[in-house]
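When the letters of the sequence shown are read in order and numbered with mature numbering (1 follows the signal peptide of the UniProt record, and there is no 0), they come out as residues -25 to -1, 1 to 305.
Beta carbons are placed, not taken as given, at the ideal position from N, Cα and C, and that holds for glycine.
A short write-up of the structure that comes next.
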Amino acid sequence: MLFKKLSISLITVVSLVFPSFQVFAADVILGGQSIGIELDYEGVMITGTYDISIDNRPYNPASDGYQSGDLITQVNQQNVESISELMESVKNSVEKNQKIMLTLKRQNKTIKKELKFQKKDDQFTTGLYVQDGLTGIGTMTYYNPETHHFGALGHMMYDTSLSSDTTIKNGTVYNSYVKKINPSQNGNPGEKIAKIGSIEIGRLYENNNYGIYGQYTNLSDQLQTISTASMDEIELGEAYFLTVLNGHEVSRCSIRITDLKKQNEPDVKGITFEITDEEVLSLTNGIVQGMSGSPIIQNNKLIGCVTHVDINNVHQGYGLYIDWMLKNDK
């Protein structure tokens, strides 16, 4: 059986509409650090299928209705939450010559399916690719010292290769070390190449269209406290964002805000900006994946975070107002 675990760098977003509301300024601890995120499925996700041979005939689980995005929650009515538990349960059933019945979750439906397998030389294969979690690299936006909550990314973390609309709510955030930058090109955004560290920063409780949010447990005492600005305070013109481009060092990137949308409800493209920092451009050639969540500062106030790149002009990016992130800091 072949298993894989997906790793992604984050920059894309999906919009969702909430009622209008008023947000008040807050004092928060400024982010900018590179973070590694591990999200946990409530089971084991099927990410694809492949051909095997059963009774000397070709077989693919897709022919029995298995789909990418199906979540395996039980094997013969025993709960499974990880690849190791799935493998052990299937192995035990194979050794006992038992029929293997999987319980699948597909959107809001529960489905029962028999798992067929190929056995050869005491080894078995099932024709299923699976993963038990999702990992990615992004940037911390802020920490809230009053609630001990944090907000990051500015958009949902999800697997675009899967057809499932399953939203992963739980997970862990770690420190991250940026090893190199693959520069962006128009039509082909670049990315940070980073290693997820072993120092746990906190646990996630929310993963939605406006970022990931959680409770932090580990925080450096060298960080800066900053006030947030409402969208009415933000101006066109000079600003900067903070992000990591090498190792753990937080770098400052100068930008020019070119458009501001006055919003009565959340939207991800409230702030339009372009990078003007020649030193940063020489390294990244624009916005790269992994900058999601990079805090944007203007007039010594936190105004929002980087969310995604204009794929046709990678020097241009978009940001989410900090107002909407504070709304999600529940």
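Considering only Gly111, Glu17 and Thr247, the residue with the shortest C-alpha distance to Ile10 is Gly111. In the DSSP assignment, the residues bridged to Ile4 are Tyr118 and Thr200. Looking from the CA of Asn161, the closest CA among Asp285, Ile27, Ser28 and Gly6 belongs to Asp285.
Look at Met132 here: in three-state DSSP terms it is coil, with no helix or strand label.
When DSSP states are grouped into helix, strand and coil, Ile58 belongs to the helix group. Distance from the CA atom of Gly146 to the CA atom of Asp15, rounded to whole angstroms, is 5 Å. When the beta-carbon positions are compared, Leu79 and Lys66 stay at least 8 Å from each other. Between the alpha carbons of Ile75 and Glu63 lies a gap of roughly 12 Å. The beta-carbon separation of Val281 and Ser267, rounded to 6 Å, stays under the 8 Å limit for a contact. Distance from Asn54 to Gln73 at the Cβ level is roughly 17 Å; contact not present, criterion being Cβ atoms closer than 8 Å. According to the DSSP secondary-structure assignment, Leu235 is paired through a beta bridge with Ile246.
Within the segment 1 to 53, the complete beta strand (DSSP E) segments at least 3 residues long are 2 to 5, 9 to 24, 27 to 29, 32 to 34 and 46 to 50, listed from N- to C-terminus.
For Ile262, the secondary structure class from DSSP, reduced to helix, strand or coil, is coil.
Look at Lys66 here: in three-state DSSP terms it is helix. Judged by beta-carbon spacing, Tyr118 lies within the 8 Å limit of Val3, meaning their Cβ atoms are closer than that value. 8 Å or more divides the Cβ of Ile174 from the Cβ of Lys167. Under the three-state reduction of DSSP output, Val255 falls in the helix class.
For Asn303, there is no enclosing beta strand (DSSP E); the enclosing alpha helix (DSSP H) has its first and last residue at Ile297 to Asn303. Assigned with DSSP and collapsed to three states, Glu208 falls in helix.
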